[in-house]
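The structure appears right after this line, and notes come after that.
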Amino acid sequence: MNWKRYFWPVVGIGAVIFSLLLLWHELRGISLDDVWDGLAAIPARDWILAGLSSVVAYAALAGYDHIALLHIGRRVSWLFVTLCSFTTYALSHNIGGSVFSGAVIRYRAYGTRGLTGQEVGVLVAVCWITFVLSTILASGLVLVFEPQIIDRFSGIAHHGLSEAAGIAMLILIAAYIFGSWLHLRPLTIGSFQLHYPALPIVARQLLIGPIELLAAAAIIFFALPGVHNPGYFVVLGVFLVSFSVAQISHAPGGLGVFEVVFLAGLSDMDPVGVLAALLVFRLFYLIIPLFLGLGIVLFFERSQFSRKES
């Protein structure tokens with residue numbers, strides 16, 4: 025139905041508007057000069073570490089595609105896969121609806137390398153599963169070792185409940201591994217089949233997948249001021265909550281949503297310093313990759329056009 029085409033974009037735009045209003049209310053006493061001073065206060069060393077963390081994050085995202093191609097048994101050049109993965113995530117992170125927007129980009133790119141529509145569908149599914157597994161694993165560890173992380177959002181101590189939720193998440197990961205060991209039947213939807221990954225694939229998912237989340241959180245951690253800094257593990261937990269809420273909201277780039285949740289999670293820190301760190305994150309994780317990704321797309325399309333002409 026026609027309304028379904030517009031439902032999630034409307035939800036995403038609504039989430040952006042609502043979050044920006046909340047953000048304005050939260051930061052209405054902060055001037056642009058304050059934010060600029062916050063950015064200027066970040067040492068050069070921390071700028072470099074934040075930038076390197078972004079490189080590690082996108083390198084790990086390229087690993088998602090490599091894992092998926094290994095699963096379906098297709099060989100594609102390492103450079104092409106890396107550039108395709110980078111472009112996919114650079115654009116989909118900014119557009120929103122990363123699973124669907126990423127599927128379109130991958131279908132266009134991998135189709136030129138002989139992959140069928142079904143194979144691209146399996147590749148997208150495996151990449152999405154890797155991301156979900158990584159989020160569950162990292163969140164489970166944070167809840168077990170830092171159960172007070174939920175207190176930062178609720179204001180009420182739920183340590184026992186947090187630990188129980190963390191253990192439940194780790195049990196889910198163990199069940200996923202056990203399912204691979206059992207060689208469970210493939211998931212079949214019509215003509216589409218998704219085979220359960222073999223244990224070596226699962227090992228790669230659980231090793232490479234979380235690196236992207238750890239590195240993405242490190243961008244913010246390095247850019248945060250040292251005063252009242254709660255430490256990397258807490259920042260990681262706040263990042264996981266903020267990033268998950270931003271993904272669920274379908275807001276393009278999580279604009280506003282990510283910032284509101286993150287500021288709430290680090291309410292005991294100077295909001296100017298936190299906002300400056302979040303701007304650094306957007307610069308290294310979203311804005312710079314977006315422009316580079318657009319350049320790669322233009323180069324790719326031009327090369328395809330020249331090939332057809334010749």
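So for the sequence shown, the numbering used here puts the first residue at 25; every next one is plus one.
Glycine residues also receive a C-beta, built at the ideal position from the N, C-alpha and C atoms.
(1) Please confirm whether L115 and G126 have their CB atoms less than 9 Å apart.
(2) Quick one: what's got a C-beta closer than 6 Å to L167's C-beta in the same chain, skipping five residues either side?
(3) Whose C-beta lies closer than 6 Å to the C-beta of L85 among residues of the same chain, with five residues either side of it excluded?
(4) P254 to I72, Cα distance in whole Å?
(5) Please go through the region 102 to 144 and give each complete beta strand (DSSP E) segment of 3 or more residues, from N-terminal end onward.
(6) Which residues in the same chain have their Cβ closer than 7 Å to the Cβ of L302, if we skip the five residues on either side of it in sequence?
(7) Consult DSSP for L238 and reduce its assignment to one of helix, strand or coil.
(8) Judging by CA-CA distance, which residue of G87, A65, D58, S77 is the nearest neighbour of G233?
(9) Could you give the uninterrupted runs of the alpha helix (DSSP H) lying entirely in the region 175 to 209, keeping only those of 4 residues or more?
(10) Going by DSSP, which residues form a beta bridge with T154?
(11) Alpha helix (DSSP H) containing I173: first to last residue?
(12) Mapping DSSP to helix, strand and coil, what is L63?
(13) Short check: CB of V105 to CB of H90, under 9 Å?
(14) Rounded to the nearest angstrom, how far is the Cβ of V100 from that of L93, given a contact under 8 Å?
(15) Return helix, strand or coil for L318, following the three-state DSSP convention.
(16) Have a look at the DSSP bridge pairing and note the partners of L211.
(17) Indicate whether A239 and A300 have their beta-carbon atoms separated by less than 9 Å.
(18) Distance check for P249 and V298, CA to CA, integer angstroms please.
Working from what's here:
(1) Residue 115 sits at position 91 when you count from the first residue of the sequence shown. Residue 126 sits at position 102 when you count from the first residue of the sequence shown. Cβ distance < 9 Å, so L115 and G126 count as in contact.
(2) Start at 1 with the first residue of the sequence shown, and residue 167 comes out as number 143. Excluding positions up to five away in sequence, the list reads S186, A189, G190.
(3) What you label residue 85 is simply residue 61 of the sequence shown in a count that begins at 1. Same-chain partners within the cutoff: S109, Y113, E236.
(4) In the sequence shown, the residue the question calls residue 254 occupies position 230. In the sequence shown, the residue the question calls residue 72 occupies position 48. Using only the alpha carbons, I get a separation of about 21 Å.
(5) none
(6) On the sequence shown, position 278 is the one that residue 302 refers to. I244, E283, F286, listed in sequence order.
(7) Indexing the sequence shown from 1 puts residue 238 at position 214. Note: L238 maps to helix in three-state DSSP.
(8) In the sequence shown, the residue the question calls residue 233 occupies position 209. Comparing Cα-Cα distances from G233 to each of G87, A65, D58, S77, the minimum goes to G87.
(9) Unbroken alpha helix (DSSP H) stretches of 4 residues or longer found wholly inside the region 175 to 209: 175 to 178, 183 to 206, given in chain order.
(10) On the sequence shown, residue 154 is found 130 positions in, with the first residue counted as 1. Bridge partners of T154: none, in fact.
(11) Taking the first residue of the sequence shown as position 1, residue 173 is located at position 149. Per DSSP, I173 belongs to no alpha helix (DSSP H) and is neither H nor E.
(12) Translated into the one-based positions of the sequence shown, residue 63 becomes position 39. Residue state, collapsed to three classes: helix.
(13) Against the sequence shown, residue 105 aligns to sequence position 81. Against the sequence shown, residue 90 aligns to sequence position 66. A contact, by the Cβ cut-off of 9 Å.
(14) If you number the sequence shown from 1, residue 100 lands on position 76. If you number the sequence shown from 1, residue 93 lands on position 69. Yes, V100 and L93 are in contact; Cβ-Cβ is about 6 Å, under 8 Å.
(15) Your numbering for residue 318 matches position 294 in the sequence shown. Here L318 sits in helix by DSSP.
(16) Here residue 211 corresponds to residue number 187 of the sequence shown, with the count starting at 1. DSSP lists L218 as partners of L211.
(17) Locating residue 239 in the sequence shown gives position 215, where the first residue counts as 1. Locating residue 300 in the sequence shown gives position 276, where the first residue counts as 1. Not closer than 9 Å, so no.
(18) Residue mapping note: residue 298 aligns to position 274 of the sequence shown, counting from 1. Residue mapping note: residue 249 aligns to position 225 of the sequence shown, counting from 1. When rounded, the distance between both Cα atoms is 8 Å.
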